[in-house]
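Protein chains: 2
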Amino acid sequence: MAATRPKAEAGTATRILDVAERLVQTRGFNGFSYADIAAELGITKAGLHYHFAGKAELGEALIVRYSERFAEALAAIDASGLDARAKLDAYVDLYAQVLSGKRMCLCGILAAEYQTLPRPMCDAVIRFFDDNEAWLTALLERGGADGTLSLSEPAADSAQMIVSGLEGAMLVARPYSDPERFKSSAQHLIASLT
Amino acid sequence: MAATRPKAEAGTATRILDVAERLVQTRGFNGFSYADIAAELGITKAGLHYHFAGKAELGEALIVRYSERFAEALAAIDASGLDARAKLDAYVDLYAQVLSGKRMCLCGILAAEYQTLPRPMCDAVIRFFDDNEAWLTALLERGGADGTLSLSEPAADSAQMIVSGLEGAMLVARPYSDPERFKSSAQHLIASLT
DNA sequence: GTCTATAGGCAGATAGAC
DNA sequence: GTCTATCTGCCTATAGAC
Numbered sequence: 002m003a004a005t006r007p008k009a010e011a012g013t014a015t016r017i018l019d020v021a022e023r024l025v026q027t028r029g030f031n032g033f034s035y036a037d038i039a040a041e042l043g044i045t046k047a048g049l050h051y052h053f054a055g056k057a058e059l060g061e062a063l064i065v066r067y068s069e070r071f072a073e074a075l076a077a078i079d080a081s082g083l084d085a086r087a088k089l090d091a092y093v094d095l096y097a098q099v100l101s102g103k104r105m106c107l108c109g110i111l112a113a114e115y116q117t118l119p120r121p122m123c124d125a126v127i128r129f130f131d132d133n134e135a136w137l138t139a140l141l142e143r144g145g146a147d148g149t150l151s152l153s154e155p156a157a158d159s160a161q162m163i164v165s166g167l168e169g170a171m172l173v174a175r176p177y178s179d180p181e182r183f184k185s186s187a188q189h190l191i192a193s194l195t
Numbered sequence: 002m003a004a005t006r007p008k009a010e011a012g013t014a015t016r017i018l019d020v021a022e023r024l025v026q027t028r029g030f031n032g033f034s035y036a037d038i039a040a041e042l043g044i045t046k047a048g049l050h051y052h053f054a055g056k057a058e059l060g061e062a063l064i065v066r067y068s069e070r071f072a073e074a075l076a077a078i079d080a081s082g083l084d085a086r087a088k089l090d091a092y093v094d095l096y097a098q099v100l101s102g103k104r105m106c107l108c109g110i111l112a113a114e115y116q117t118l119p120r121p122m123c124d125a126v127i128r129f130f131d132d133n134e135a136w137l138t139a140l141l142e143r144g145g146a147d148g149t150l151s152l153s154e155p156a157a158d159s160a161q162m163i164v165s166g167l168e169g170a171m172l173v174a175r176p177y178s179d180p181e182r183f184k185s186s187a188q189h190l191i192a193s194l195t
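As they're listed, the protein sequences go chains A and B.
When the letters of the first sequence are read in order and numbered with the numbering used here, they come out as residues 2 to 195.
When the letters of the second sequence are read in order and numbered with the numbering used here, they come out as residues 2 to 195.
Encoded structure:
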């Protein structure tokens with residue numbers, strides 16, 4: 002009765018998601034195929050269809066899992082006890098961690114390919130940005146209230162600028178293969194709030 | 002002897018570039034095919050190969066033309082006689098104009114697909130960003146000198162942040178189909194310099 | 001849960017006629 | 001400069017054996 006195995010090695014579905022996630026984040030959704038995943042896992046293309054009916058369903062599952070993990074990371078920051086200023090730094094560091102794996106944000110790269118994605122994936126991408134901006138807006142407001150951040154604009158506007166600014170910093174840093182480029186842009190981005 | 006016809010209707014090569022440019026900017030380089038272009042122009046796929054040997058050569062030609070046009074737009078801003086502050090606004094407006102056509106910056110979307118592009122295209126994408134940052138750096142330095150802009154960081158750092166911030170603002174605004182979203186983010190991005 | 005086998009389609013590309 | 005015809009290869013996906 003191993004309904005929930007705490008430390009079992011990853012099941013096949015999870016390993017498929019892991020490989021597919023890396024492929025999307027490095028090559029884009031239109032830049033990889035079932036064959037790429039199958040070859041890497043040592044199974045056949047047909048075997049993949051047992052776990053994910055089609056590429057659209059796989060893509061949807063990728064965004065759902067990615068968003069859940071991101072939400073968990075945000076919850077961890079919320080629970081950290083840091084002040085708002087430090088939490089903002091921690092938020093920026095989430096993006097830096099993604100980039101350090103030479104990856105683009107999953108939803109950032111999907112935003113680039115947005116007009117070619119199946120509808121369910123589109124909706125999930127939008128939700129990711131909405132959730133991030135909502136969380137960041139609340140953080141900025143708390144920072145403005147406790148004096149650790151100085152807001153010169155409505156918090157929602159700053160949140161929008163920060164999310165898109167961080168996505169852009171990742172986007173441009175990757176061709177240069179230079180994580181420092183991201184960190185520099187990100188720091189200047191939030192400098193006006195500190 | 003029509004070596005240079007001033008107002009001739011576009012030649013086939015130009016029309017191919019026009020269609021391909023729009024397809025890349027809306028769907029990505031891996032999101033369209035020769036068949037899409039051929040269908041739209043009413044010629045066959047084989048006909049395209051006469052003008053551009055392969056998709057790689059077409060992609061390279063796209064970046065070259067796009068970069069030339071961008072450089073011309075920058076030269077026009079230089080020649081405008083506006084102060085540095087107004088020139089910065091004009092620069093932001095170049096991006097807004099691209100987005101108003103429901104398109105992403107050509108090199109921004111190629112940056113997302115960077116790891117799947119043929120080498121010559123990669124080099125041309127990097128050059129585009131280098132050129133933009135160099136132009137913007139010079140502008141910011143002039144603005145700092147004449148007092149119309151207030152630099153709190155080295156001009157090159159601010160230029161990097163602005164270019165990547167504008168690319169990100171385009172990237173995220175497009176799924177929302179909301180040009181206002183771009184304008185808001187862009188204004189907040191340069192607010193600290195004004 | 002993974003396999004073999006295969007379908008049906010589209011990709012980028014080429015040869016050679018007109 | 002554009003066509004027809006064709007190639008090879010990869011794509012996503014399915015049927016059915018094991």
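Yeah, the Cβ is synthetic: ideal placement off N, Cα and C, and Gly gets one too.
Below-8 Å beta-carbon distance, residue i vs any chain B residue
{"i": "Met-122 (chain A)", "result": "no"}
{"i": "Ser-193 (chain A)", "result": "yes"}
{"i": "Arg-182 (chain A)", "result": "yes"}
{"i": "Asp-19 (chain A)", "result": "no"}
{"i": "Leu-89 (chain A)", "result": "no"}
Closer than 7 Å at the beta carbon, the chain B residues around residue i
{"i": "Phe-130 (chain A)", "result": "Val-173"}
{"i": "His-189 (chain A)", "result": "Glu-154, Asp-158, Ser-159, Met-162"}
Residue i: contacting residues in chain A (beta-carbon distance under 8 Å)
{"i": "Gly-29 (chain B)", "result": "Gly-29, Asn-31, Ala-113, Glu-114, Thr-117"}
{"i": "Pro-176 (chain B)", "result": "Ala-112, Tyr-115, Cys-123, Val-126, Ile-127, Phe-130"}
CB contact below 8 Å: residue i versus chain A
{"i": "Ala-170 (chain B)", "result": "yes"}
{"i": "Gly-166 (chain B)", "result": "yes"}
{"i": "Gly-109 (chain B)", "result": "yes"}
{"i": "Met-2 (chain B)", "result": "Residue placement at Met-2 (chain B) is flagged as unreliable, the pLDDT there being 40, under the threshold of 50; the coordinate-derived value follows with that caveat. Not closer than 8 Å to any Cβ of chain A, the Cβ of Met-2 (chain B) fails to qualify, so no."}
{"i": "Thr-5 (chain B)", "result": "Here the model assigns Thr-5 (chain B) a pLDDT of 43, short of 50, so the residue's position is not dependable and the matter cannot be decided."}
Heavy atom of the ligand MG within 7 Å of residue i beta-carbon
{"i": "Gly-82 (chain B)", "result": "Looking at this structure, you won't find the ligand MG or any other ligand, since it has none at all."}
Listed by chain order, chain B residues near residue i by CB distance under 8 Å
{"i": "Ser-185 (chain A)", "result": "Asp-158, Gln-161, Met-162"}
Contact belief for residue i with residue j at Cβ below 8 Å, rounded distance in angstroms
{"i": "Ala-54 (chain A)", "j": "Thr-45 (chain A)", "result": "Contact doesn't hold; Cβ gap of about 16 Å is too wide."}
{"i": "Leu-137 (chain B)", "j": "Gly-144 (chain B)", "result": "Actually they do not touch by this definition, with Cβ atoms about 10 Å apart."}
{"i": "Arg-86 (chain B)", "j": "Thr-195 (chain B)", "result": "6 Å"}
{"i": "Leu-141 (chain A)", "j": "Ser-159 (chain A)", "result": "6 Å"}
{"i": "Leu-49 (chain B)", "j": "Tyr-67 (chain B)", "result": "Not a contact, Cβ separation roughly 19 Å."}
{"i": "Gln-1 (chain A)", "j": "Arg-182 (chain B)", "result": "This structure does not reach residue 1 (chain A), given that chain A is present from 2 up to 195, and the question cannot be answered."}
{"i": "Val-173 (chain B)", "j": "Phe-71 (chain A)", "result": "Incorrect: roughly 15 Å between the Cβ atoms, too far for contact."}
{"i": "Glu-22 (chain A)", "j": "Leu-107 (chain A)", "result": "7 Å"}
{"i": "Asp-84 (chain A)", "j": "Asp-147 (chain A)", "result": "7 Å"}
Is the segment 107 to 120 of chain A touching the segment 62 to 75 of chain A, taking contact as three or more C-beta pairs under 8 Å? Result yes; three or more Cβ-Cβ pairs closer than 8 Å.
When the Cβ atoms of the segment 47 to 59 of chain A are set against those of the segment 93 to 100 of chain A, are three or more pairs found closer than 8 Å? Under the 8 Å Cβ criterion, the segment 47 to 59 of chain A does not count as touching the segment 93 to 100 of chain A, having fewer than three qualifying pairs.
Uninterrupted beta strand (DSSP E) stretches inside the segment 93 to 148 of chain A (no shorter than 3 residues): Listed in chain order, there is nothing to give.
Validate contact between the segment 165 to 172 of chain A and the segment 158 to 172 of chain B using beta carbons, cut 8 Å, 3 pairs: They touch, by the three-pair rule.
Give a yes or no on contact between the segment 71 to 80 of chain B and the segment 28 to 36 of chain B, applying the rule of three or more CB pairs nearer than 8 Å. Fewer than three Cβ pairs drawn from the segment 71 to 80 of chain B and the segment 28 to 36 of chain B lie within less than 8 Å of each other, which leaves the two stretches out of contact.
Whole alpha helix (DSSP H) elements within the segment 23 to 102 of chain B, 4-residue minimum: Every alpha helix (DSSP H) of 4 residues or more that sits fully in the segment 23 to 102 of chain B is shown, in chain order, as 35 to 42, 46 to 52, 56 to 79, 85 to 101.
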